[in-house]
Each structure stands twice: as structure tokens, then as C-alpha cells.
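Residue numbers (our numbering): -4 to 299.
What follows is a short report on a single structure.
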Amino acid sequence: MCGIAGFFSNNGTLGEDVIHDLGDYLSHRGPDGTGNFSNKNIQLVHKRLSIIDLESGKQPLHNNKCMQLIANGEVYNYLELREDLGEENFRTNSDCEPPLLLYENNGIDYTQHLRGMFAIAIAEPNDNKICLSRDPFGIKPLYYTLIPKGIAFASEVSCLVKTGLASPEINKNSRQELLQLQFTLGADTIFSDVKRVNPGETIEFKDGLITQRSQLSILPEDAPKRWSETEALNKLNKVLIDSVSMHQRSDVPYGMFLSGGVDSSVVLACMRELNDNPVRAFSAGFSSKAVSDEREHAEYVANA
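See the structure below:
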């Protein structure tokens, strides 16, 4: 988990104090380092939790065209992308560098090549552009607010409100949704001034105004398909192994949360197949009878 934030402003009233405060409010998301970019109109801050390329993966990442990238999350297929795009075009081993080159080549449609969980901000300081993107399942959060002659964004709503970039005024319609559903729908949040980047969405801002939107579909275009039960099970097994294998790409130790249910049990079985050493699995239990306690099931699966 990392934290990203930044803003574009043409009015010259925002500066280092604001970006410093944004970074402070995100410190709990990234204890391993802070990265900044600053010019006349654009300020970016990145709070890093190091997982891949511990030494040279510091952000913002940049290219020869002065584009700047900050990201929260992981791009699982970064090795395949590096091979496709050419190893000679990369400066680091970071999983977040391929998206920068893809954006340079494909514009706002770059996310269709990514597999992962991510919230990404790419700035083009020379053109007064900021591009915000989010993974198709919305695993990583990203919020924005329009400010006078500009736009501000952050990994957490609270950052935008605490810094005064967004008003704390409550959105009454969203309040009803939150009370009934425990979440809000679409781009609306509980705060009137704050919007979320929707899952799979990429939004381009130029001079503080929305100029383009792109939406990435979760389902493949040729779905659904007809398979026999045997074919379906074989394909499911291949997809699961492939996905778990990609999720294990890391330069630090990894593990998993085990509940003892079907989903986590299958993931553990895949990890065991892919690893020579025992897998680190963590479980939580509850003594209250009002809450289901699955520790017995988790222990059974772990020892199987």
C-alpha cells in the first residue's frame, strides 16, 4: 500500500505547504520513503511501501519527455510488458515503469495492457495535463476535487478535506446511500466536492478541466464461451495458477490470509504448488458467538 497525491493549479496560490500536508496525511500508507515533483503549476507526492525494486524504484518515475508517474498498487505483468516494450527503454526494475512507457505510446488507453491493482497519476508538466487511472475492479482508491483553476487528487478523501482543498459539506444523496448500503454509488462520495475515479476509468485533465475519459471493461469482448465441464475446469486451474504466480512476484517476503473457506483454500493450494517452502498463512478468529469463527477450518486446510 502506497499513497499518492497532487494537484494542478493555475492561480499560483497553492505551493509546497499544501503538498507537504498532503504527504503528511498519507504517511501511514508509505513508511519506506517520500518522493516529490514540483514545477510552476503541478505538485506531486508519493509515499512508498517498497515491494519490488527496493533500491531504484523510488517515485515519481519519469521519462525523456518530462512525464511524471506516481502509483499505488502493483502491475503484475510488468515482466512481460518490459519484454514487449524493450528492456533498453527502462531505467529501473520497478513494476510501475511500464505504464509510463505505455502511456507515452498509447495515451489514455494505456491501462488496457495492464494486469494488476493500481491507482496511477501521470503528469505532463509541459502541457498542463494530469491523467488519473484506476484498476478495473477498483481495488486501489483514488479521489479528486476541482479547485479554482485546477484539480487536486489523493488516495484518501480525508487528505483533500483536511488540507482545505475540498469542502467538508456532506452530499445528502450520498449520505442516504451510505446509511442504507454502507457505501456510495458511482463517482459520488459522502462529500459534495469530492469525486472518485470509477473502477477501470481513466480521466485526463488539461488546465484543470476534464478533457477525456476512457473506460476499461472487466469482461472480455468475446465472453461468454461454451466449454465442456472438463475444459472449463482445466482452464480455471490454468488461470488460477497463472494469477497466483503473478501475485507472488515480490522482492520482499509474502504470505496470505486464510479463512478456511473455498476461495482462500484454493489460493493456498495454488501457492503450495508453486512454492518449495511452506507458505505463510494468517488467520483471525472471534470469540463472540454472534460472529462466525472459522479458525478450525483454517487450521484443517493449513495442515492438509
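Here a beta-carbon is modelled for each residue, glycine too, at the ideal position from N, C-alpha and C.
Since this is a predicted model, take the numbers as computed values, not measurements.
Quick check on arginine 191: does DSSP put it in helix, strand or coil?
strand
Contacting residues, own chain, Cβ-Cβ under 6 Å from glutamine 207 (five flanking each side not counted)
Ile103, Glu199
Other residues of its chain near alanine 297: CB distance less than 7 Å, five sequence neighbours each side excluded
Leu253, Ala276
Find the nearest neighbour of serine 33 within the set His23, Ile46, Glu11, judged by alpha-carbon distance.
Glu11
Return helix, strand or coil for asparagine 67, following the three-state DSSP convention.
strand
Proximity of alanine 149 and leucine 141 at Cβ, strictly below 8 Å
no
From glycine 111 to glycine -2, what distance separates their C-alpha atoms?
17 Å
Would you check if the distance between the CB atom of methionine 266 and the CB atom of valine 274 is smaller than 8 Å?
yes
Quick one: residues in its chain with C-beta nearer than 8 Å to the C-beta of aspartate 237, no 5 flanking neighbours on either side, listed in chain order?
none
Where does leucine 204 fall in DSSP's three states?
strand
Considering only the beta carbon of each residue, do tyrosine 139 and threonine 184 sit closer than 8 Å?
no
Under the rule that 16 or more other beta-carbon atoms within 10 Å means buried, what is serine 223, buried or exposed?
exposed
From the DSSP output, which residues share a beta bridge with methionine 112?
Glu69
With respect to the beta strand (DSSP E) encompassing glutamine 107, which residues constitute its N-terminal and C-terminal limits?
Glutamine 107 -> no beta strand (DSSP E), and no H or E assigned at all.
Short CB-CB distance (under 8 Å) between glutamate 172 and chain D:
The chain labelled as chain D is not found in the depicted structure, where only one protein chain is given.
Return the Cβ separation of glycine 68 and lysine 135 in integer angstroms, given the expectation that the two are a contact with Cβ distance under 8 Å.
4 Å
If we call anything under 8 Å between Cβ atoms a contact, is proline 382 one with isoleucine 213?
With the chain running from -4 to 299 in the structure shown, residue 382 is simply not present.
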